[in-house]
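S.K.: Numbering of the sequence shown is given in the working numbering, commencing with residue 29 and proceeding in unit increments.
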Amino acid sequence: MSETNFPRGLAERLRGILIDADYTVSGVRDRLGDAAARALAREELVPALRATGGEERLGLLLRLWWLRSPIPARAARSILPVDELAEAGLVTVEEGADGPVVRALVHLGPWELEDGGPGFVVSDPKVRPGGGEVPRHDHVVGAGGASSTLSHLIVDGPVDRALDVGTGCGVQALHLASRAREVVATDLNPRAVRLAGISLALSGVTGARLAQGSLYEPVRGERFDLIVSNPPFVITPDSSRYTYRESDLPGDTVCAELVRQAPEYLTEGGWCQILANWLHSDGDDWEDRVGGWVTGTGCSGWVVQRDVQDPAEYVELWLRDSCEHGTPEYTRRYDAWLDYFERQGIKGIGFGWISLRNDVAQDATVRVEELRHEIEQPVGPYLPDVVDGAMTALRLTDAALLSAHVALAPGVVEERVGRPGAPDPERILLRQRDGLRRVARVGTVEAALAGVCDGTMPVGPLLDVIAELIGGDAETVRERTPEALRTLISEGFFRVAR
Ligand SMILES: C[S@@+](CC[C@H](N)C(=O)[O-])C[C@H]1O[C@@H](n2cnc3c(N)ncnc32)[C@H](O)[C@@H]1O
């Protein structure tokens with residue numbers, strides 16, 4: 029693809045053509061139908077090709093831009109400025125068996141912007157090993173599962189300046205555009221910078237700046253209210269084989285560096301949110317390792333491990349992306365990758381998120397945990413409450429807790445488990461029906477507190493009443509409850525009302 033700029037006028041015209049033809053998320057969904065859409069999600073093109081035959085506009089656009097199927101040049105010219113698109117490197121005109129055809133050089137997919145308006149994402153076409161192809165070194169990956177994991181994590185609300193590090197096809201920048209006055213999107217790969225620029229232009233986003241360079245280098249001296257990154261976190265011996273997933277830094281250093289340097293680029297109270305991979309190695313506790321990255325910044329933070337893979341699972345996952353299964357090359361690279369993990373004492377690889385907030389307070393709190401169950405999505409709207417809950421809990425001394433007004437958090441229910449008919453339950457559980465959907469086993473006192481506390485009375489006097497009801501000693505109850513209550517506050521079961 030040529031590295032020339034994509035003319036603004038061409039972007040506006042192409043946007044108009046795509047929208048007129050209903051090449052939008054809902055238009056495409058309706059056109060394909062459920063079965064073909066589900067087949068596409070499984071990488072099976074045939075049902076979609078069958079659903080888009082003929083010379084009608086939407087079908088032609090789908091075949092060209094999404095299904096990688098050449099379309100007759102005559103039909104293409106009737107709906108698209110083919111020569112200008114060829115000049116810009118988005119399509120090529122070739123001789124086919126039945127005459128000239130137009131073939132797309134990029135994947136151009138419809139996207140729904142956060143305000144519901146039509147957007148478009150331009151990336152390199154997905155490479156499907158098995159078709160004899162491997163990705164080019166500077167392959168620009170399209171929006172995928174990890175992209176949406178990150179976008180669901182991003183805290184809500186408007187911000188002044190936002191930064192997307194490693195923008196790729198520009199998908200995060202598109203998310204940020206609806207909430208930030210100014211978006212800066214950077215990438216090491218010049219081809220990514222260009223494709224992200226086309227995605228933004230086709231989506232009608234005008235207030236974004238694109239810059240090429242490594243990590244924070246293109247924005248040195250600038251500050252942002254929100255930094256997001258889905259970085260090239262894959263841990264491999266062949267660093268930089270593929271820019272879209274591997275950096276030239278060893279191990280998990282790229283993620284550590286993004287975190288370590290974040291405060292230099294964040295405004296006060298600004299958030300940095302990244303996806304990351306981290307090492308589980310011999311004699312190294314992952315919680316200390318990753319928690320240490322955040323603690324070192326002086327920011328409050330929340331680290332969540334969502335998955336852990338053993339070295340073989342990890343290698344297979346990433347080899348599948350780039351190498352033909354069962355070939356000698358596959359075996360050689362698999363072996364070399366495992367060798368590398370063995371030499372480094374790597375026993376597993378964690379995948380998760382890191383969110384940090386540039387707190388000015390001295391008592392920043394870092395919460396590190398594993399959450400592998402399904403949680404409410406998107407996380408962004410309630411993420412600040414999670415960090416605040418952990419921070420509040422840590423600040424409260426026992427005395428302060430006893431005089432605090434505490435309320436049960438919305439959505440928490442109680443479950444009692446025991447033999448039917450038995451007077452006392454074997455277990456009492458508090459369960460969050462939404463948000464992080466945690467479950468905590470609690471004692472009788474905490475369960476009773478959950479039943480009565482609505483923020484109107486301080487904890488101490490409530491505990492005195494509970495002690496009397498259960499026939500316990502008030503002093504002992506006052507002494508023992510704060511620790512358990514602190515944990516329940518830090519996990520979001522209770523909130524401090526005042
Ligand atoms: C996994 S892709 C993420 C793309 C997109 N932001 C998303 O969420 O889907 C990682 C991106 O980081 C870029 N990248 C690789 N090394 C980088 C570096 N040192 N500094 C900045 N970006 C880098 C790659 O070119 C690639 O576009």
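By construction, the Cβ of each residue, glycine as well, lies at the ideal position given by its N, Cα and C atoms. Just so we're clear, the structure is a prediction, and the values are computed from it rather than from any experiment.
(1) Taking the alpha carbon of LYS375 as the point to measure from, which residue in ARG385, TYR342, GLY235 and TYR358 has its own alpha carbon closest?
(2) Here's a check: name, in chain order, each residue in its chain whose Cβ is nearer than 6 Å to the Cβ of VAL434, leaving out the five neighbours to either side.
(3) I need the straight-line Cα distance from GLY194 to ARG78, nearest angstrom please.
(4) Going by alpha carbons, who is nearest to GLU250 out of ALA116, ARG189, ARG219 and THR271?
(5) Following the continuous alpha helix (DSSP H) through PRO128, name the residue where it begins and the one where it ends.
(6) Put GLN460 into one of helix, strand or coil per three-state DSSP.
(7) Among residues of its own chain, excluding the 5 on either side of ASP166, which ones have a beta-carbon nearer than 7 Å to its beta-carbon?
(8) Take every Cβ of the stretch 115 to 126, pair it with every Cβ of the stretch 194 to 207, and state whether three or more of those distances are shorter than 8 Å.
(9) With 16 other CB atoms within 10 Å as the buried threshold, where does HIS135 fall?
(10) Start and end of the beta strand (DSSP E) containing PRO486?
(11) Along the chain, where does the beta strand (DSSP E) that runs through LEU46 open and close?
(12) What are the complete alpha helix (DSSP H) segments, minimum 4 residues, inside the stretch 82 to 137?
(13) DSSP three-state label for SER175, please.
(14) Taking the beta strand (DSSP E) that ALA435 belongs to, which residues open and close that run?
(15) In chain order, what residues of the same chain lie with their CB nearer than 7 Å to the CB of ARG131, ignoring the 5 residues before and after it?
(16) Give a single yes or no on whether CYS481 has its beta carbon closer than 8 Å to a heavy atom of ligand 3.
(17) Mind reading off the beta-carbon distance from ASN258 to LEU204? Whole number of angstroms is fine, and I expect it under 8 Å.
(18) So, with DSSP's three-state summary, where would you put GLN240?
(19) Compute every distance between the C-beta of THR509 and the non-hydrogen atoms of ligand 1, then say whether any falls below 8 Å.
(20) Give me the Cβ distance between CYS327 and TRP306, rounded to the nearest whole Å; I'm assuming they're in contact under 8 Å.
(21) When we look at the beta-carbon of MET485 and count the other beta-carbons within 10 Å, is it buried (16 or more) or exposed?
(22) Could you tell me which whole beta strand (DSSP E) segments of length 3 or greater appear in the stretch 194 to 259?
(23) What residues in its chain sit with their C-beta under 6 Å from that of SER275, if we drop five residues either side in the sequence?
(24) Classify ARG506 as helix, strand or coil using the three-state DSSP reduction.
(25) Just confirm the distance between the C-beta atoms of GLU443 and ARG461, as a whole number of angstroms; I'd bet it's less than 8 Å.
(26) Give me the residue from ARG385, LEU228, ARG395 and ASP501 with the minimum Cα distance to TRP139.
(27) Can you list, in chain order, the residues of its chain whose CB lies under 7 Å from that of GLN405, leaving out five sequence neighbours each side?
(28) Who does VAL524 pair with in a DSSP beta bridge?
(29) For the beta strand (DSSP E) that contains GLN301, what are its first and last residues?
M.R.: The answer reads as follows:
(1) In the sequence shown, residue 375 corresponds to position 347, counting from 1. Answer by Cα proximity: TYR342.
(2) Here the question's residue 434 lines up with position 406 in the sequence shown. So the list reads CYS481, VAL487, PHE522 and VAL524, once near-sequence residues are dropped.
(3) Within the sequence shown, residue 194 is the residue found at index 166, counting from 1. Within the sequence shown, residue 78 is the residue found at index 50, counting from 1. Spanning the two alpha carbons is a distance of roughly 36 Å.
(4) By one-based count along the sequence shown, residue 250 stands at place 222. The shortest Cα separation from GLU250 among ALA116, ARG189, ARG219 and THR271 belongs to ARG189.
(5) Numbered from its first residue, the sequence shown carries residue 128 at position 100. For PRO128, there is no enclosing alpha helix (DSSP H); the enclosing beta strand (DSSP E) covers residues 127 to 132.
(6) Taking the first residue of the sequence shown as position 1, residue 460 is located at position 432. Reduced to three states, the DSSP call for GLN460 is strand.
(7) Here residue 166 is taken as the residue at index 138 of the sequence shown, counted from 1. These residues qualify, in order along the chain: ASN217, ARG219 and THR271.
(8) Taking a cut-off of 8 Å for Cβ pairs, the stretch 115 to 126 and the stretch 194 to 207 do not touch, as fewer than three such pairs fall below it.
(9) Position 107 of the sequence shown, counted from the start, is the residue given in the question as residue 135. A residue is called buried when at least 16 other Cβ atoms come within 10 angstroms of its Cβ; HIS135 meets this threshold and is buried.
(10) Looking up residue 486 in the sequence shown gives position 458. Here the beta strand (DSSP E) through PRO486 covers 482 to 486.
(11) Here residue 46 corresponds to residue number 18 of the sequence shown, with the count starting at 1. Where LEU46 is concerned, there is no enclosing beta strand (DSSP E), although the alpha helix (DSSP H) it sits in stretches over 36 to 48.
(12) Listed in chain order, the alpha helix (DSSP H) elements of length 4 or more contained wholly in the stretch 82 to 137 are 85 to 89, 101 to 107 and 110 to 115.
(13) As a working mapping, residue 175 is identified with position 147 in the sequence shown. Under the three-state reduction of DSSP, SER175 is assigned to helix.
(14) Within the sequence shown, residue 435 is the residue found at index 407, counting from 1. The continuous beta strand (DSSP E) containing ALA435 extends over residues 433 to 436.
(15) Start at 1 with the first residue of the sequence shown, and residue 131 comes out as number 103. Hits under 7 Å: PRO98, VAL119, THR120 and GLU122.
(16) With respect to ligand 3, the structure shown offers nothing to examine, as its ligands consist of ligand 1.
(17) The residue given as residue 258 occupies position 230 in the sequence shown. The residue given as residue 204 occupies position 176 in the sequence shown. A Cβ-Cβ distance of about 13 Å is found for the pair ASN258 and LEU204, leaving them out of contact under the 8 Å criterion.
(18) Reading the sequence shown from its first residue, position 212 is the one you call residue 240. Three-state result, GLN240: strand.
(19) Taking the first residue of the sequence shown as 1, we reach residue 509 at position 481. Remark: the shortest separation between the CB of THR509 and any heavy atom of ligand 1 does not fall under 8 Å.
(20) The sequence position of residue 327 within the sequence shown is 299, counting from 1. The sequence position of residue 306 within the sequence shown is 278, counting from 1. Contact flag wrong, Cβ pair sits at about 18 Å.
(21) Walking along the sequence shown from the start, residue 485 turns up at place 457. Under a 10 Å Cβ-count criterion, MET485 is classified as exposed, with fewer than 16 other Cβ atoms of the shown protein chains found around its own Cβ.
(22) Runs of the beta strand (DSSP E) spanning 3 or more residues and lying entirely within the stretch 194 to 259 occur at 208 to 215, 236 to 240 and 252 to 257, in chain order.
(23) Within the sequence shown, the letter at position 247 stands for residue 275. Counting only residues of its own chain and dropping the five nearest sequence neighbours on each side, SER275 has a CB closer than 6 Å to the CB of PRO260 and VAL282.
(24) Locating residue 506 in the sequence shown gives position 478, where the first residue counts as 1. Correct three-state label for ARG506: helix.
(25) In the sequence shown, the residue the question calls residue 443 occupies position 415. In the sequence shown, the residue the question calls residue 461 occupies position 433. Actually they are not in contact, since the Cβ atoms of GLU443 and ARG461 sit about 11 Å apart, beyond 8 Å.
(26) Here residue 139 is taken as the residue at index 111 of the sequence shown, counted from 1. Residue LEU228 is the option with its Cα nearest to TRP139.
(27) Taking the sequence shown and counting its residues from 1, one reaches residue 405 at position 377. Counting only Cβ-Cβ distances below 7 Å, and skipping sequence neighbours, we find HIS180.
(28) As a working mapping, residue 524 is identified with position 496 in the sequence shown. According to DSSP, which records beta bridges pairwise, VAL524 is partnered with VAL434.
(29) As a working mapping, residue 301 is identified with position 273 in the sequence shown. For GLN301, the enclosing beta strand (DSSP E) covers residues 294 to 309.
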